[in-house]
Structure formats: structure tokens, C-alpha cells
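If you read the sequence shown in full-length UniProt numbering, its first letter stands for residue 1, the second for the next number, and so on.
All residues carry an ideal CB built from backbone N, CA and C; glycine is no exception.
Structure, as C-alpha cells:
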Amino acid sequence: LRTARLAKALASEYGQVLQGDESSMVSLPIRHAPVRWCAPSPPFLKLNVDGAWKEMVGGGVGAVVQNEAGDFIAAMSKRIQRCGSAKEMEARALLEGVLFCKEVGIFCICVESDAQELISCLWHKMGFPSIFEVLFHDVLLVSAQVGVTAFLAVRRSGNEVAHALARQAYSIDELVVWFDDTPSWFLCVIER
Numbered sequence: 001l002r003t004a005r006l007a008k009a010l011a012s013e014y015g016q017v018l019q020g021d022e023s024s025m026v027s028l029p030i031r032h033a034p035v036r037w038c039a040p041s042p043p044f045l046k047l048n049v050d051g052a053w054k055e056m057v058g059g060g061v062g063a064v065v066q067n068e069a070g071d072f073i074a075a076m077s078k079r080i081q082r083c084g085s086a087k088e089m090e091a092r093a094l095l096e097g098v099l100f101c102k103e104v105g106i107f108c109i110c111v112e113s114d115a116q117e118l119i120s121c122l123w124h125k126m127g128f129p130s131i132f133e134v135l136f137h138d139v140l141l142v143s144a145q146v147g148v149t150a151f152l153a154v155r156r157s158g159n160e161v162a163h164a165l166a167r168q169a170y171s172i173d174e175l176v177v178w179f180d181d182t183p184s185w186f187l188c189v190i191e192r
């Protein structure tokens, strides 16, 4: 009986999140997010991530790594077929971003996203919405493996490159990775 009640409560919370009812989610305070992209302090790198989602279409995630001079290090766009909400896609972007860094050998990073509520939960390591709890624990586990020093919130205007990469995922089949050879459209976004 207790298991049935828990399952019902979790299903109800999941439905509220999918419908955009954020009153069921824990909201923790967060400092004012910067308006523009800010360089990390040396020797750290910065990983910016974002998710893009459309109902009935799915979406994708984008991630870009830059150094203290703003130089491009690596980036990726990944199509995500099964996702229930924009908030879930943002959480997936956080996980896919740190996994990308682990897979390509990028360490000692700070992570930045415009999903302020999710960043707040990760920063405080608590208050995870139950439907994302496993996902967030995976983010924290991989983050420890790649040496994440901080989770930071930034406004959308400071996350334009990751946002463009997430939107680019709509036009790909699975995954595209860039290292040294960046496409011209990508350079235009970085220079803004």
C-alpha cells in the first residue's frame, strides 16, 4: 500500500512538471546570473550547456567548452528523441555535457546553464525534483570524475552558443562533435 501511494505521488508530480506546474518543485535561491558569457579563471575551462525541446518533436542538447581567453576547445550537438518536457531536456543537457567532457578527456571545468532552478539544485546538492533525482545523481557522479568546480547559472544571453548547438540538434540524426574545425555559423555565434 505504501509503495502504491508513493508511485501515485511520483506520477502526479511527473504530470505537474510536464504540464509546467512548477509549484511542486523545490526552488532554492540563486545569485543573480550574469547577462554575458564570462571567462573562467585559469587553469579552469567552462562548459556551457543547453537543451531545446518541442512537444511531439523531441529535441536536443548542446555543449561548448571554452578556455579563459574565450577560445573554442570543443563542442557537441546531440539529438534526444525521448524526453517529456523542456525542464527534463535541460537536465539531460547537464548530464550529456559532463559525459561529453569525460569522453573526450576534458577536466577541471565549471558548468554553466540558463536552467537556474536546476543549477540551484545541483549547487546545493539537494532539492532535486523526484523525477530527475537519478539523472541529477548521475550528473554529480560524472561531475566528480571530471573535476567540476562549480555549477553556475547564466542568462540565456550568456548561453547563446550552447543554445545554438542545442537547436542545431533538430537537424541531425544523432551526434555531431567539433574540435578544431568549427563551422562558420558557429563562429558567428561565438563572436556575438
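Between residue i and residue j, which are expected to be in contact by the criterion C-beta below 8 angstroms, what is the C-beta distance as a whole number of angstroms?
i      : j      : result
Asp50  : His163 : 5 angstroms
Phe107 : Gly147 : 5 angstroms
Val35  : Ser130 : Rounded, the Cβ-Cβ distance is 33 angstroms, inconsistent with contact.
Cys168 : Gly62  : The residue asked about is misnamed: residue 168 is Gln in this sequence, not Cys. Indeed they touch by this definition, with Cβ atoms about 7 angstroms apart.
Leu99  : Val142 : 6 angstroms
Ile119 : Phe44  : Wrong, their Cβ atoms sit about 17 angstroms apart, outside the cutoff.
Ala52  : Tyr170 : 7 angstroms
How long is the line joining the alpha carbons of residue i and residue j, rounded to whole angstroms?
i      : j      : result
Ala144 : Val57  : 33 angstroms
Val111 : Ala150 : 6 angstroms
Leu47  : Gln66  : 7 angstroms
Ile73  : Val161 : 13 angstroms
Cys38  : Met76  : 20 angstroms
Lys54  : Met89  : 10 angstroms
Lys87  : Leu152 : 17 angstroms
Val154 : Ile172 : 26 angstroms
Asp138 : Ala91  : 11 angstroms
Leu122 : Cys101 : 18 angstroms
Pro40  : Asn159 : 14 angstroms
Leu140 : Gly127 : 14 angstroms
Ser184 : Leu95  : 27 angstroms
Lys125 : Ala166 : 25 angstroms
Phe136 : Gly84  : 16 angstroms
Phe132 : Gln116 : 15 angstroms
Gly97  : Ile80  : 13 angstroms
Using a 10 Å radius around the Cβ and a threshold of 16 neighbouring Cβ atoms, would you call residue i buried or exposed?
i           : result
Lys78       : buried
Ala69       : exposed
Leu187      : exposed
Asp181      : exposed
residue 228 : With the chain represented from 1 up to 192, any question about residue 228 goes unanswered, as that position is not in the structure.
Asp114      : buried
Ser27       : Bear in mind that the predicted position of Ser27 carries a pLDDT of just 34, short of 50, making it unreliable; the figure below should be weighed with that in mind. Under this definition Ser27 is an exposed residue.
Val104      : exposed
Pro42       : exposed
Val64       : buried
Glu174      : exposed
Val177      : exposed
For residue i, which residues does DSSP report across the bridge?
i      : result
Leu175 : Lys78
Leu45  : Ile109
(request) Would you mind listing the alpha helix (DSSP H) stretches within the UniProt domain "RNase H type-1" (48-169) that are 4+ residues and don't spill past its ends, in chain order? (result) Segments of the alpha helix (DSSP H) lying fully in the UniProt domain "RNase H type-1" (48-169): 86-104, 116-124, 133-146 and 160-168.
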